[in-house]
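The working numbering applies: residue 3 is where the sequence shown begins, and numbers increase by one.
We put the CB at the ideal spot given by N, CA and C, even for glycine.
Below you'll find the structure, written out as structure tokens, and then a few comments.
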Amino acid sequence: MKNILVLGGSGFIGAHVCEKLVRLGLNVTVATRRRNNARYVMHLPSLTVLELDVHDELALSNAVAGHDVVVNLVAVLHGNQARFERVHVALVQKIVNACLIRGVKQLVHISALGVNGKNPDAAPSMYLRSKGRGEKALELAVQAGVDVTVLRPSVVFGQGDKFLNLFAGLQKIFPVMPLAAASARFQPVWVEDVASAVVNSLGKAAITSEPLRVFESCGPEVFTLAKLVELSAKFAGVNEGRGRPVIALPDWAGNAQAALMEHLPGEPLMSRDNLASMKVPNIATPGMLGLAQLGITASALQPIAQDYLTQGQATHGLLGVRQHAH
Ligand SMILES: NC(=O)c1ccc[n+]([C@@H]2O[C@H](COP(=O)([O-])OP(=O)(O)OC[C@H]3O[C@@H](n4cnc5c(N)ncnc54)[C@H](OP(=O)(O)O)[C@@H]3O)[C@@H](O)[C@H]2O)c1
């Protein structure tokens with residue numbers, strides 16, 4: 003039986019990954035900075051929670067020991083250069099080192115759509131540049147013979163997401179939606195499909211001449227951000243399904259709005275770096291490997307999102323919005 007260490011297994015996608023691995027009868031260890039963060043997965047059978055500072059190289063190496071596979075879902079969406087570098091690059095280097103020292107044979111790493119694989123520093127945001135440099139750090143593991151799979155999801159939707167729920171929640175509160183990057187394009191992917199991609203990549207090797215085996219993980223449809231905002235309100239029944247008027251902000255106003263949000267307490271709902279990420283279309287690249295090569299038929303957004311947004315997740319008002327932002 004395979005022993006799998008999941009870093010970030012307490013998170014939105016990670017919890018679904020853990021559930022699928024446990025269902026397959028695999029032994030799963032979730033590494034978390036605080037045991038309580040893993041409360042939604044800790045009672046799954048054959049799952050052990052390990053509390054540690056994943057940035058501590060010795061602690062990480064000890065956690066990796068005895069595992070056949072490491073899955074890395076750790077990431078941050080906001081911060082400064084140093085924070086992105088620490089979490090998306092330095093941590094990946096530490097994971098690679100730990101895998102090499104402990105003889106781990108397989109590593110599955112969750113990156114993000116929009117990364118420039120050839121030239122990471124050409125990407126438009128700190129988030130994407132650091133994610134790209136994190137991917138580069140994996141090449142050392144590939145050279146050492148570790149089986150490395152990288153998944154690059156577009157924006158992920160599903161019960162408890164911080165995307166459609168957030169926009170639906172905002173429209174519960176505000177009479178209009180001033181929206182930055184309204185015409186940015188996304189190909190939203192269901193969280194269950196991303197989790198299946200992680201699981202399927204454990205048993206599947208796809209042929210590619212690139213140094214890394216990268217699978218873009220996208221849903222079947224492309225939407226603008228404005229359309230997704232509109233759909234979130236419609237599904238959540240905001241204003242009797244009519245939603246709120248969406249006002250597309252020019253770039254300068256969008257940046258000013260994001261700068262303001264960065265100064266509110268807690269994780270910002272939107273940052274200038276998020277807006278910069280949206281300068282590259284968040285859609286599948288022709289010719290790249292995708293979910294189909296992992297045996298997955300990507301699910302359409304409407305039936306799933308309608309189901310969980312209708313259930314009233316967006317009814318918690320401002321508190322709900324702030325919770326989703328954390
Ligand atoms: N959600 C999306 O729409 C989306 C889209 C594209 C790509 N992705 C990628 O998919 C992966 C998983 O995303 P997610 O949405 O599931 O993320 P998430 O819910 O925010 O979970 C991320 C995990 O990272 C850990 N973490 C957060 N900050 C950390 C820090 N400073 N140091 C160490 N660990 C930290 C947390 O674990 P503990 O709190 O337990 O320590 C958390 O469980 C990430 O790589 C993300 O970039 C997500």
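Limits of the beta strand (DSSP E) - the one that residue i falls within
{"i": "Q108", "result": "108-112"}
{"i": "R154", "result": "149-155"}
{"i": "P180", "result": "179-181"}
{"i": "L9", "result": "5-9"}
{"i": "E87", "result": "Here E87 belongs to no beta strand (DSSP E), and DSSP marks it neither H nor E."}
{"i": "S219", "result": "215-219"}
Endpoints, alpha helix (DSSP H) assigned at residue i
{"i": "A100", "result": "93-104"}
{"i": "A199", "result": "193-203"}
{"i": "S132", "result": "128-139"}
{"i": "F169", "result": "166-175"}
{"i": "I298", "result": "Neither: I298 is in no alpha helix (DSSP H) and is coded neither H nor E."}
Residue i: CB within 6 Å of a non-hydrogen atom of ligand 1
{"i": "S203", "result": "no"}
{"i": "R329", "result": "The structure shown does not extend to residue 329, since the chain is modelled only from 3 to 328, so the question has no answer here."}
{"i": "P155", "result": "yes"}
{"i": "A114", "result": "yes"}
{"i": "F188", "result": "no"}
{"i": "G16", "result": "yes"}
{"i": "S12", "result": "yes"}
{"i": "L311", "result": "no"}
{"i": "L102", "result": "no"}
{"i": "L52", "result": "no"}
{"i": "V98", "result": "no"}
{"i": "L49", "result": "no"}
{"i": "L75", "result": "yes"}
{"i": "R35", "result": "yes"}
{"i": "V56", "result": "yes"}
{"i": "V66", "result": "no"}
{"i": "V78", "result": "yes"}
{"i": "V158", "result": "yes"}
{"i": "V89", "result": "yes"}
Cβ neighbour criterion (16 or more within 10 Å) applied to residue i
{"i": "D55", "result": "exposed"}
{"i": "G10", "result": "buried"}
{"i": "N74", "result": "buried"}
{"i": "R36", "result": "exposed"}
{"i": "A124", "result": "exposed"}
{"i": "L271", "result": "buried"}
{"i": "L266", "result": "exposed"}
{"i": "R332", "result": "Residue 332 is absent from the model: the chain starts at 3 and stops at 328."}
{"i": "N82", "result": "exposed"}
{"i": "A329", "result": "Residue 329 cannot be examined here, being either before or after the span of the chain that is shown, 3 to 328."}
{"i": "A316", "result": "At A316 the pLDDT is 42, less than 50, meaning the model places this residue with poor confidence; the figure from the coordinates comes in the next sentence. Buried, since its Cβ has 16 or more Cβ neighbours within 10 Å."}
{"i": "Q108", "result": "buried"}
{"i": "V150", "result": "buried"}
{"i": "S185", "result": "exposed"}
{"i": "L60", "result": "exposed"}
{"i": "G171", "result": "buried"}
{"i": "L45", "result": "Before going further, note that residue 45 is His rather than Leu in the sequence given. The residue in question, H45, is exposed, as its Cβ has fewer than 16 Cβ neighbours within 10 Å."}
{"i": "H328", "result": "Because the pLDDT of H328 is 38, which lies under 50, any placement of that residue in the model is unreliable, and the number read from its coordinates should be weighed accordingly. It counts as exposed."}
inquiry  = Quick check for students: name the residue ranges of the alpha helix (DSSP H) that lie wholly in the stretch 11-74, counting only runs of 4 or more.
reply    = 14-25, 59-66
Could you tell me whether the stretch 113-126 touches the stretch 95-103, where touching means 3 or more Cβ pairs closer than 8 Å?
no
Open item on the list: Three Cβ pairs or more, each shorter than 8 Å: is that satisfied between the stretch 130-150 and the stretch 170-179?
Closed with: no
Three or more C-beta pairs below 8 Å linking the stretch 220-227 and the stretch 44-52: no
Inset, instruction - Say whether the stretch 234-242 touches the stretch 184-204, bearing in mind that this needs 3 or more beta-carbon pairs closer than 8 Å, one atom from each stretch. - result: no
- Message: Please give the ranges of any beta strand (DSSP E) in the stretch 221-273, keeping only runs that are unbroken, at least 3 residues long and fully inside the region.
- Response: 248-250
**Request:** Say whether the stretch 255-263 touches the stretch 271-280, bearing in mind that this needs 3 or more beta-carbon pairs closer than 8 Å, one atom from each stretch.
**Result:** yes
- Task: Report yes or no: do the stretch 298-308 and the stretch 178-195 share at least 3 C-beta pairs separated by less than 8 Å?
- Result: yes
Exercise. Quick check: the stretch 26-46 against the stretch 137-153, are there 3 or more CB pairs under 8 Å?
Worked result: no
Notebook entry, point to check: Do three or more CB pairs link the stretch 213-222 to the stretch 148-155 at distances below 8 Å?
Noted result: yes
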